[in-house]
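One structure is given here, and the rest of the page talks about it.
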Amino acid sequence: MKKISISLLLLLLATFLFASNATALEGSFKVGPAIILISILILFVLVGLFFRAKDTTDYYAAGRGVSRVGSGMAIASNWMSAASFLGMAALMYGSGYHGLAFVVGWTGGYVLLLILMAGQIRKYGKYTAPDFIGDRYYSTGLRATSAVVAILISISYCVGQFGGIGLMFKWVMGIDYMWAVIIGSSVVLTYTLISGMLGVTKNMQIQYVIIIISFLIPLFILTYKFDYFWIVPEIGYGAVVTDIVQGIPAPETTNLVNSFGHDFAILPSPEYAMPWDPATGKTFFQWIAITFSLMIGTAGLPHVIQRFYVVPKARDARWSVVWGLFFICILYWSAPVFSAFGKILSADPEIGVLAKDAIVVYTAQLGDINPLIVGLLAAGGVSAAFSTVSGLLVAGSSAFSHDLYFKVINPKADPKTQLRMARFATVLMAIIVMFLAMLKLALIGQLVALAFSLAGCTIFPLFLLGIWWSGSNKKGAISGLAVGLFITAISLTYFVAGKAGATLPFHSFVSYWLGAWYFAWIGAPLAILTNIIVSKLTEETPLEIRKFLVEKVHS
Amino acid sequence: MISKKNKEKQVEKKNDYRISFFKPTTALSRTNRNLVVLLVIIWAVAIFGFQILLRVMQKPVPESSLKTFEKVWKNVELGMATQEEKVDFANSVLSVLGKSVLISDPGNRTVLINAVSSTVYDLIPEEGKEIFRKEIADFEKKKENIRSLQDNEYLQAKANIIDRIAPLLNLKPYSLKAKLLPLVISAAEMEVFQPENKEKLPNIMKLYLIHNRSVLTDTNFLGFPFHYFYTAIFLLVMFVALCWIYCFLIDRVHTKLGTNEKS
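Here the protein sequences line up with chains A and B, keeping their order.
780 is the number of the first residue of the first sequence in my numbering; add one for each residue after it.
850 is the number of the first residue of the second sequence in my numbering; add one for each residue after it.
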């Protein structure tokens, strides 16, 4: 550990000595930010090496010895992806109040997760989400199907993250997007492979600290520099929002300016803060549907659920959610500050069209913040993506090696073979994700929200009913899952067709009511209803499952 | 305590080990059910109830620019507008062109650029029209070729255009709308205000200048519009508080019933 600290110290020293200017919004190689980014990536790999997994228990569940606060930090880091760090501000920058649906959706789901599932999941004592489903519904087929669903969710989620990594590497290094994705994926793959979840958990705690520090420092500077209440920027920016709504007239004598010398001024823009403003093209229904889908998706994401297996007791699982949510909220309270300042600082048409997903970094640049701090911010964005990707790769590879290979294909596999299969799955998934990310199929936020809706339609109903109603049986679960997958298939078919420029029957109707990032608003209730009806009509859940639920999960 | 536990076990056996959230059989599950139901109600009402309230109370409120636009539009459309009306018209269109949200819709932007360019051109005295058109065309070329926004020639040309047009529109040269002018006036869109653009303009103006407002959006709280504070700040505080309350109370219940989990 001492060696790691010394290496890091030397790297940071080098950063400050050789830092260069980073004022160009795009295109150039930015030495200071690049050194910061490389230092942080080296730190991740070293920490991964130091805390690497020794056996399958370590690999899947970090030896079940992580503290509540530590687990909370890991939950937050695991959760705060490129979508939170970069995409959240982008959504509010582009569509104002509509973007807050994502803020509420991505935090409110934790309340459901806590009160309905966290403690019970830990008490059930399984390693992975498909493990729980296969066991609870006494079905190898369901285990295999949910493993495939878990892998699909992980892939969909990862593709968005790799997009974010690509964007930040492109910004820092001025390299091609393709190379940025290749380099980023190679590094995240290396340390996930070396460390497994034990290393990942430690990494996640370090990543959380880096993410939150890098995110908060520019906010204090921006609010101080532009004369707002800077002691708590998350409150101080309220006046920024009001100023955007009412407009800030340009002063006669230049006073506050952005890095291009434009006045800190904006014409009245109420569309930024008013609810479901017609100018944004977003509606009340979409706000509600997105919030609801993201919330239930939160409670159904395998890599989130899996975090509860790493704490010693159910009580710790519950408290780790409280800590996790608190740590998450620190970032979610702060993200709108970037979008509000970004709105004013980029108000001059000379700035041109900015990539929304990079607005956090652009805002810091336009606010003329020291390039090193902007570099740290970009590194924070990469950390956010890395921490989530590593958790997703572990969840996806666990689903493959544990739930598909060990439980279905080769039950006699020894722990060594299982670990080898987990690593093989990690490599395979990373390659698939890297390839998909290069295709630039959709925006970060779109792909991530899609993963939420998929989880909300499939995994969430199985967990909810599996824990709280012993009457839910195998046939009910299969039918419910089929309905959830059917709704998913319809939504995705229309989404892909739309992207390809094709028009299917009732295209605009289906695209609106079953949008790719909020189809769970109807998919999840239908899946739950189907599960209940079919379960009621078919034979009861076996006694041993009911007994297990009573004695182990609800005792 | 032990006899209570045994009693509950016997109830479960009698019930043949059936679990249902809505039909709890033990003191623990009953307390948990009540707590969960209460928290879910608070959670749902706070999130969705407030948004529904916001939706119910909202009224479409136009910006002052739209009112100005509607006052002069008929005459502008018929080509009968006075100088003052043309100035008011150009100013109202500029207030939409300055909104960065427009960037996402190039079609609407083209209509607005045509409207403001043709009106400004119309306001230029006859003898200066040709020089003005050339000045704008030269500036557009410069804008395409500059490497930095701080380029001296570019800045000078921009300042010249502002100095020439701002007084015509009763704008101070340092004002935002004046600074917007060189960037939105197009030499290609000056001659005619196209009939198809005239047809589209009123709807575009309404789209960008009417907003859903109510007492909830117009009340200021800690500097925020109240609804924004509620959604962006308060709801998140409430989520953490709900989680904390649940953990605290359920821990107390476990201690009281002696059902704490062993390490």
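Just so it is clear, CB atoms sit at the ideal spot from N, CA and C, and this is done for glycine as well.
What you are looking at is a predicted structure, and each value in this text was computed from that prediction instead of being measured.
Using a Cβ-Cβ cutoff of less than 8 angstroms, which residues in the same chain neighbour residue i once the five nearest sequence positions on both sides are dropped?
i, result
"A/THR1267", "SER1232, LEU1233, CYS1236, THR1237, PHE1298, GLY1302"
"B/THR968", "VAL925, LYS935, PHE938, ALA939, VAL942, PHE1042"
"A/ILE990", "SER856, MET859, PHE864, LEU1110, GLY1159, SER1162, ALA1163, SER1166"
"A/LYS1331", "LYS902, TYR903, GLY904"
Please look up how many angstroms separate the CB atoms of residue i and residue j, rounded, as I've assumed it's under 8 angstroms.
i, j, result
"A/ILE1138", "A/ALA869", "5 angstroms"
"A/PHE1005", "A/GLU1129", "The pair is not a contact, with the Cβ atoms about 19 angstroms apart (cut-off 8 angstroms)."
"A/GLY953", "A/SER807", "5 angstroms"
"B/ILE1099", "B/LEU884", "7 angstroms"
"A/PRO1049", "B/GLU912", "7 angstroms"
"A/LEU1260", "A/ALA1306", "7 angstroms"
"A/GLY875", "A/THR1062", "Actually they do not touch by this definition, with Cβ atoms about 13 angstroms apart."
"B/GLY1072", "A/THR1272", "Going by Cβ atoms, the distance from B/GLY1072 to A/THR1272 rounds to 46 angstroms, so no, they are not a contact pair."
"A/ALA1052", "B/LYS1028", "Not really, about 24 angstroms apart at Cβ, beyond 8 angstroms."
Looking at C-alpha atoms only, which residue of the options is the closest neighbour of residue i?
i, options, result
"A/TYR872", "A/VAL1275, A/SER933, A/LEU1218, A/ILE1023", "A/ILE1023"
"B/ASP987", "B/TYR1057, B/GLU919, B/LYS1007, B/LEU1084", "B/LYS1007"
"A/LEU1001", "A/VAL883, A/ILE989, A/ASP1147", "A/ASP1147"
"A/LEU998", "A/PRO1321, A/ALA1114, A/ILE854", "A/ALA1114"
"B/ILE901", "B/ILE1059, B/VAL889, B/SER1063", "B/SER1063"
"A/LYS1135", "A/GLY866, A/ILE821, A/PHE994, A/SER846", "A/GLY866"
"A/THR924", "A/ALA1044, A/TYR1273, A/SER1258, A/VAL1206", "A/SER1258"
"B/TYR1057", "A/GLN986, A/PRO1047, A/LEU1133", "A/PRO1047"
"B/SER1024", "A/MET947, A/ILE985, A/ASP1127, A/LEU828", "A/ASP1127"
"A/LEU1226", "A/VAL890, A/ILE932, A/ALA959", "A/ILE932"
"A/PHE948", "A/GLN1085, A/GLY1224, A/ILE814, A/THR1282", "A/ILE814"
"A/SER1068", "A/LEU921, A/LEU879, A/GLN1025, A/TYR1003", "Looking at the sequence provided, one finds Ala at residue 1068 of chain A rather than Ser. Taking only the C-alpha atoms, the option nearest A/ALA1068 is A/LEU879."
"A/PRO909", "A/GLN1085, A/SER1287, A/LEU1133, A/ALA1192", "A/GLN1085"
"B/LYS991", "B/PRO1051, B/LYS1026, B/LEU1032", "B/LEU1032"
Who are the Cβ neighbours of residue i in its own chain at under 7 angstroms, not counting the five residues just before and after it?
i, result
"A/THR969", "VAL824"
"A/THR1142", "PHE1117, PHE1120, GLY1121, LEU1124"
"B/ALA1036", "ARG982, ILE985, ALA986, GLU989"
"A/THR1033", "ASP1042"
"B/TRP892", "LEU1091"
"B/LYS1049", "VAL960"
"A/MET957", "MET1217"
"A/LYS1195", "none"
"A/ARG1325", "SER1249"
Give every residue of the same chain whose Cβ lies closer than 6 angstroms to the Cβ of residue i, excluding the five residues on either side of it in the sequence, and list them in chain order.
i, result
"A/ALA801", "Legend: pLDDT at A/ALA801 = 38, less than 50; position of this residue unreliable, no value from coordinates given."
"B/PRO873", "ARG879, ARG882"
"B/PHE1075", "LEU1065, THR1068"
"A/ALA798", "The predicted model places A/ALA798 with a pLDDT of 42, which falls under 50 and marks its position as unreliable; any figure quoted below should be read in that light. Closer than 6 angstroms at the Cβ level, and outside the excluded window around A/ALA798, lie GLY811, LEU1151."
"A/VAL966", "LEU820"
"A/GLY1255", "ASN1310, VAL1313, SER1314"
"A/ALA1228", "TRP1296"
"A/SER786", "A caution first: A/SER786 carries a pLDDT of 47, below 50, which makes its placement in the model unreliable, though a value can still be read off. Once the five neighbours on either side are set aside, A/SER786 has no close Cβ partner at all."
"A/ALA926", "PRO909, ALA1178, ASP1182, LEU1183"
Is residue i helix, strand or coil when you go by DSSP?
i, result
"A/LEU1042", "Before going on, a small fix: residue 1042 of chain A reads as Asp here, not Leu. Of the three classes helix, strand and coil, the one that applies to A/ASP1042 here is strand, per DSSP."
"A/PRO1054", "coil"
"A/TRP1009", "coil"
"B/ILE868", "coil"
"A/LYS809", "coil"
"A/HIS1333", "coil"
"A/ILE900", "helix"
"A/PHE1064", "helix"
"A/VAL740", "Because chain A in this structure spans residues 780 to 1334, residue 740 of chain A falls outside the shown range and cannot be described."
"A/TRP1248", "strand"
"A/ALA1027", "The amino acid occupying residue 1027 of chain A in the given sequence is Ile; Ala does not appear at that position. DSSP places A/ILE1027 in strand when its eight states are reduced to three."
"B/PRO1113", "Only positions 850 to 1112 of chain B appear in this structure, which leaves residue 1113 of chain B out of reach."
"A/ILE954", "coil"
"B/ARG1101", "helix"
"B/ASN1069", "strand"
"A/ARG847", "helix"
"A/ASN1189", "coil"
"A/PRO1128", "helix"
Is there contact here, the segment 1288-1297 of chain A with the segment 1067-1083 of chain A, by at least three beta-carbon pairs under 8 angstroms? yes
Okay, do the segment 1204-1214 of chain A and the segment 1265-1281 of chain A touch, 3+ Cβ pairs below 8 angstroms being the bar? no
Below 8 angstroms, can you find three or more Cβ-Cβ pairs linking the segment 1090-1109 of chain A to the segment 897-906 of chain A? yes
Count the C-beta pairs between the segment 907-922 of chain A and the segment 1183-1199 of chain A that are closer than 8 angstroms, then say yes if the count reaches three, no if not. yes
Is there contact here, the segment 1167-1185 of chain A with the segment 931-950 of chain A, by at least three beta-carbon pairs under 8 angstroms? yes
Contact between the segment 875-892 of chain A and the segment 1197-1205 of chain A (3+ Cβ pairs under 8 angstroms): no
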